[in-house]
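Peer 1: Would you mind keeping the following structure in view while I ask a few things?
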């Protein structure tokens, strides 16, 4: 067959597969309804975060792809096989691999549209920011979809009927939701569960999607996670292709055990590699990470790189004398009532307050030096000495953790500086404040 007719035939098969998928209520439920359900469920729990749902978007998008690829794909696939669709395909003068590829491509379109729907609904309902790195988020989605579609193909090859698909699919879905870092954040899991999650693709899917959606450096440091997804996807896809069945009722051969073992071994290989390379260190909750700061870490911080208090960068006024603060009573009152400075997470609250000093400095506010002093006074009023020292060390040692606030019109700042610049100034102000608390710097 010439290339032209073959391509036209594959195009028609692709469109036909899309039509068949959209006629399957179960496949559509896994592809679209389940993601919306999880979005609303997460939104009811995390809508108070700042910004809402941003920290959970990696999990939500992973659930969307997981449902569409590991449940929706095999459900539609096996339903077609039971109706004799694939038995008819067998008569076509087209290699099996091309037909399967067309089916996977159609499912990729469905998964991609479900992901886009998830992002848009999060934006419309909860005002969640759009991905920080759109192109890299798209690349991460392709890697995650590749891995999970391979798993879905294996489920379709093993399942004899649609109920069996649901049983096998849940064997993948539920562990990753419960202890794989997908449904429950890694930081909320016990240490043993975090280590087990390192053997599952869900953890790496969340990591690469989080990097694209909200990570400062994008996918720059996500090489291992991307490689893990490829390894798992290739192993599962190869096993699914080898165990492929055209007809319902046809039993898989004795070689199935070998191919299933090969697919599972890829999980073990990824987990062992992550363990040996130190990638499975326990993840502390955001609200508790600062508590793990040690005196040794505090002592290693240096202050030689700090600009002077009267220079152009990170200006800081001397301690207020009696009556000096009265000129800023209105600003101080607004700062004390500012919602981002009152969040329950102490580490995030401190980072948000430091952002105020940073934004004032970057935008060259007329009172930037005094605002830097006001923020320092407010931090000391809210936190005890030992606690504040640890919180400031955490900001210095983890400059990319949490979020920063770079748009603060409610406090009178009209400009919106770049987030990386705000993070940099937060670290500098944290050092200036810490140095004074430790007696390393003097006013």
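Residue numbers (my numbering): 303 to 745.
Heads up, the beta-carbon is just placed ideally off N, CA and C, and yes, glycines get one too.
Predicted model only: the values in this text are computed from it and were never measured.
Please confirm whether residue 463 and residue 402 have their CB atoms less than 8 Å apart.
Peer 2: no
Peer 1: When the distance is taken between beta carbons, is residue 356 closer than 8 Å to residue 430?
Peer 2: Using a Cβ distance threshold of 8 Å, residue 430 and residue 356 count as a contacting pair.
Peer 1: Would you call the CB atoms of residue 592 and residue 742 closer than 8 Å?
Peer 2: no
Peer 1: Please classify residue 728: is it buried, with 16 or more other beta-carbons within 10 angstroms of its beta-carbon, or exposed?
Peer 2: buried
Peer 1: Hey, residue 448 and residue 525 are a contact pair by Cβ (cut 8 Å); roughly how many whole angstroms apart?
Peer 2: Not really, about 16 Å apart at Cβ, beyond 8 Å.
Peer 1: For residue 736, count neighbouring C-beta atoms within 10 Å of its own C-beta (all shown protein chains included) and say buried if the count is 16 or more, exposed if not.
Peer 2: Result: buried.
Peer 1: Quick one: using the 10 Å Cβ neighbour count with 16 as the cut-off for buried, is residue 605 buried or exposed?
Peer 2: exposed
Peer 1: Does the Cβ of residue 484 have 16 or more other Cβ atoms within 10 Å, making it buried, or fewer, making it exposed?
Peer 2: Taking a 10 Å sphere around the C-beta of residue 484, we find 16 or more other C-beta atoms and assign the residue as buried.
Peer 1: Buried or exposed: residue 725, going by 16 or more other Cβ atoms within 10 Å of its Cβ?
Peer 2: So residue 725 counts as buried.
Peer 1: Kindly list the residues whose CB is nearer than 7 Å to the CB of residue 544, restricted to its own chain and excluding five residues on each side of it in sequence; keep chain order.
Peer 2: Cβ neighbours of residue 544 within its own chain (closer than 7 Å, five residues either side excluded): 561.
Peer 1: I need the DSSP call for residue 542, collapsed to helix, strand or coil.
Peer 2: In this structure, DSSP gives residue 542 a helical state, which the three-state scheme calls helix.
Peer 1: Mind reading off the beta-carbon distance from residue 413 to residue 370? Whole number of angstroms is fine, and I expect it under 8 Å.
Peer 2: The pair is a contact, with the Cβ atoms about 4 Å apart (cut-off 8 Å).
Peer 1: With three or more beta-carbon pairs closer than 8 Å as the criterion, would you say the stretch 670–681 touches the stretch 619–629?
Peer 2: yes
Peer 1: Grab me the residues of residue 509's own chain with a C-beta within less than 6 Å of its C-beta, minus the 5 sequence neighbours each way, in chain order.
Peer 2: Around residue 509: 527.
Peer 1: Taking residue 369 as part of the alpha helix (DSSP H), name the residues at either end of that continuous run.
Peer 2: 359–369
Peer 1: Taking only three categories from DSSP, how would you classify residue 377?
Peer 2: helix
Peer 1: Suppose you measure from the CA of residue 518 to the CA of residue 443; what does that come to, to the nearest Å?
Peer 2: 18 Å
Peer 1: How is residue 591 classed by DSSP in three states: helix, strand or coil?
Peer 2: helix
Peer 1: Is it right to say residue 677 is buried, meaning 16 or more other beta carbons lie within 10 angstroms of its own, or is it exposed?
Peer 2: buried
Peer 1: Leaving out the 5 sequence neighbours to the left and right, which residues in its chain are closer than 6 Å to residue 392 when beta-carbon positions are compared?
Peer 2: 548
Peer 1: Where does residue 657 sit, in a helix, a strand or coil, going by DSSP?
Peer 2: Helix.
Peer 1: Ignoring anything shorter than 3 residues, give me the beta strand (DSSP E) runs that lie fully in the stretch 413–486, in order along the chain.
Peer 2: Correct list: empty.
Peer 1: Applying the criterion that 16 or more other CB atoms from any shown protein chain within 10 Å of the CB defines a buried residue, is residue 361 buried or exposed?
Peer 2: buried
Peer 1: Just reading off the alpha helix (DSSP H) that residue 746 is part of, what are its end residues?
Peer 2: Within the shown structure, residues of the chain are numbered from 303 to 745, placing residue 746 beyond reach of any answer.
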